[in-house]
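K.L.:
Sending over a structure as structure tokens; questions will come in a sec.
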Amino acid sequence: MNLGVGVIGTGAIGEDHIRRITDVITGAEVVALSDINAEHAKKVAATYGAKFYATSEEVIKAPEVDAIVIASWDPTHAQYVIASINAGKFVLCEKPLATSAEDCKKIVEAEIAGKKQLVQVGFMRRFDRGYKQLKSVIDNGKIGQPLMLHCVHRNRVSGPKHTTEMNINNSVIHEIDVLRWLLGEEYKTAQVLVPKSSRLAKNGLRDPQIVLLETQSGVRIDVESFVNCQYGYDVQCEIVGETGTVRLPDPANVVVRSQGVRFYEIFPDWSDRFIEAYDTEFQHWVDAVKQGLVKGPTAWDGYVACITADACTEAREKGTIVPITVPECPPFYQ
Ligand code: NAD
Ligand code: ISE
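Residue numbering for the sequence shown follows the working numbering, beginning at 2 and increasing consecutively.
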């Protein structure tokens, strides 16, 4: 029997996930949805044969809903994750789990109190073929121990609601999670350098920013975050080890030869760049939920990522190096 999924938020990624659940993966169907933009949500509901609910709380409680997908704006995540836990339902929450470590801690406490893991965070890069290959190269010792990581996370343009904080807690949060997963260790310190801002970054946005992280063992990481780079969506990662280096491949695309130049196009945004990763993530989530399990990134991973993002924000505001203190992982999440 199909898993009945309720989706909160039918904007860009919410609608894409509804398409994915309906047309791409197996074992689930979208039965309910909500969005504060009711007009658009009703159209999505009609297209995919789901029931529109006026509030997200109703979606969470609906009897036909077995599991929830949260794809609304970042500051709304925490309340809906906690409501899903209280309803005893599995939930895949888009990143970030919350906009502060404090709110993530409340989620972790609620999940532990409920005595059952229910929450997965949408850190889909862990399901990306390229990142999985990087992990395999590191884990098989092919480049010795990693020493330095050079990363780039560029978006073409930022949305109207984008803030200076979001370069980190909405965007670099992906690197924070996936690099911790690749290296298998926690961070020790954070520093953020703020270069000259682009004139194309509106509303006083400090863009670009350079995030510098140090891990417990002394690996040094630099991440360039530039959300108004204009030319396309570009994610890069190079790991320098003791005996070699490994680099994230660019996504495959056709090579065009025309008018004296040879080129391949850069995707405009995350939806094409990581399409396979989202598909894999969702199939993996549905399969695990049907077994009554969470097998992807947990609420604890979401919490650690937000502790790190908060430290980066503090580091940028104070202009200093800030220590990152991650509590011991409770046995519940081990
Ligand atoms: P969006 O603005 O296109 O869509 C968000 C939708 O949420 C809007 O339709 C809005 O009306 C709705 N919404 C806001 N508050 C709500 C509430 N209280 N209840 C119900 N609906 C509400 O944004 P988006 O790009 O689709 O991003 C949505 C979420 O997904 C964000 O948290 C973002 O960080 C995350 N995201 C993740 C990835 C990824 O690569 N994993 C990519 C894009 C977005
Ligand atoms: C967006 O919300 C995502 O999660 C994308 O993957 C990321 O690249 C982008 O910077 C975010 O705004």
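Where is the CB? At the ideal position from N, CA and C, for every residue including glycine. No experiment lies behind these values; they were computed from the predicted model shown.
(1) Please return the same chain residues whose Cβ sits closer than 6 Å to the Cβ of C230, not counting the five positions on each side in sequence.
(2) By Cβ distance below 6 Å, which residues in the same chain neighbour E30 in space, the five residues on each side in sequence not counted?
(3) By DSSP's criteria, R317 is part of a beta bridge. Which residues make up the other side?
(4) Relative to the alpha-carbon of D129, which residue among G12, E176, I83 has its alpha-carbon at the smallest distance?
(5) Is there at least one non-hydrogen atom of the ligand ISE closer than 7 Å to the beta-carbon of H285?
(6) Three or more beta-carbon pairs under 8 Å between the stretch 77–94 and the stretch 108–117, yes or no?
(7) Going by the DSSP bridge assignment, what does P161 pair with across the sheet?
(8) I'd like to confirm the pairing. Which residues does DSSP put opposite E239 in its beta bridges?
(9) Is DSSP giving F53 helix, strand or coil here?
(10) Look at the alpha carbon of V262 and the alpha carbon of W271, and state the distance between them as a whole number of angstroms.
(11) Use the C-beta contact count for F227: other C-beta atoms within 10 angstroms, 16 or more gives buried, fewer gives exposed.
(12) For R258, which beta-bridge partners are listed by DSSP?
(13) Opposite E30 in the DSSP bridges: which residues?
(14) Output needed for S73: all residues of its chain with C-beta closer than 6 Å, excluding positions within five of it in sequence on either side, in chain order.
(15) Ordered along the chain, which non-local residues of its own chain (more than five positions away) have a Cβ less than 8 Å from that of E239?
(16) Whole angstroms is fine: what's the gap from A289's alpha carbon to Q118's?
(17) Specify the secondary structure class of V25 as computed by DSSP and reduced to three states.
(18) Closer than 7 Å to a non-hydrogen atom of the ligand ISE - does that hold for the CB of S172?
(19) Can you tell me which of the three DSSP states E215 falls into?
(20) How far does the alpha helix (DSSP H) with C105 in it extend, from its first residue to its last?
(21) Please report the Cβ distance between T309 and A191, rounded to the nearest whole angstrom; I am assuming they are in contact, meaning their Cβ atoms lie under 8 Å.
(22) Does any heavy atom of the ligand ATP sit closer than 7 Å to the C-beta of T281?
(23) How big is the Cα-Cα spacing for A300 and R258?
(24) So what's D129 in DSSP terms, helix, strand or just coil?
(25) By a C-beta neighbour count over all protein chains shown, 10 Å radius and 16 as the cutoff for buried, is A55 buried or exposed?
(26) Does any heavy atom of the ligand ISE sit closer than 7 Å to the C-beta of H175?
(27) Between A68 and K52, is the Cβ-Cβ spacing less than 8 Å?
(28) Run through DSSP, which three-state label would R181 get?
(29) For T326, collect the residues of the same chain with a Cβ closer than 8 Å to its Cβ; drop the 5 residues on either side in sequence, then sort them by chain order.
(30) List, from N- to C-terminal side, the beta strand (DSSP E) runs of 3 residues or more that fit wholly inside the stretch 55–103.
(31) Kindly indicate which three-state DSSP category Q355 falls into: helix, strand or coil?
(32) Say the cut is 7 Å; is the CB of D178 nearer than that to a heavy atom of the ligand NAD?
P.N.:
So, from the data block:
(1) Within the same chain, C230 has close Cβ partners R155.
(2) Same-chain partners within the cutoff: N3.
(3) Note: R317 sits in no beta bridge, so no partner.
(4) The residue with the shortest Cα to Cα distance from D129 is E176.
(5) Distances taken from the Cβ of H285 to the heavy atoms of the ligand ISE include none shorter than 7 Å.
(6) Touching, yes.
(7) None, per the DSSP bridge assignment.
(8) DSSP output for E239 lists H151, R248 as bridge partner(s).
(9) In the structure shown, the three-state DSSP call for F53 is strand.
(10) Each residue's alpha carbon lies about 26 Å from the other.
(11) By the neighbour-count rule (16 or more Cβ atoms within 10 Å), F227 is buried.
(12) Residue pairing for R258: DSSP places it in a beta bridge opposite R263.
(13) Partner(s): G5.
(14) Excluding residues within five positions, the ones whose Cβ falls inside 6 Å are I9, G10.
(15) In the same chain as E239, and ignoring 5 residues on each side of it, the C-beta atoms closer than 8 Å to its own belong to L150, H151, C152, T246, V247, R248, L249, in chain order.
(16) A straight line joining the alpha-carbon of A289 with that of Q118 spans about 12 Å.
(17) Correct three-state label for V25: helix.
(18) The closest heavy atom of the ligand ISE lies less than 7 Å from the beta carbon of S172.
(19) In the three-state scheme derived from DSSP, where H, G and I count as helix and E and B as strand, E215 is classed as strand.
(20) Per DSSP, C105 belongs to the alpha helix (DSSP H) from 102–115.
(21) Contact holds; Cβ gap of about 7 Å.
(22) The ligand ATP is absent from the structure shown, which contains only the ligand NAD and the ligand ISE.
(23) Using only the alpha carbons, I get a separation of about 47 Å.
(24) Secondary structure at D129: coil, using DSSP grouped into helix, strand and coil.
(25) Classification of A55: exposed, given that the 10 Å Cβ count is below 16.
(26) Indeed, a heavy atom of the ligand ISE lies less than 7 Å from the Cβ.
(27) If you check the CB distance, A68 and K52 do not come in under 8 Å.
(28) DSSP places R181 in helix when its eight states are reduced to three.
(29) Counting only Cβ-Cβ distances below 8 Å, and skipping sequence neighbours, we find I308.
(30) Contiguous beta strand (DSSP E) elements confined to the stretch 55–103 occur at 68–71, 91–94, taking only those with 3 or more residues.
(31) Nothing can be reported for residue 355, as the shown portion of the chain is limited to 2 through 335.
(32) Outside the cutoff, so no.
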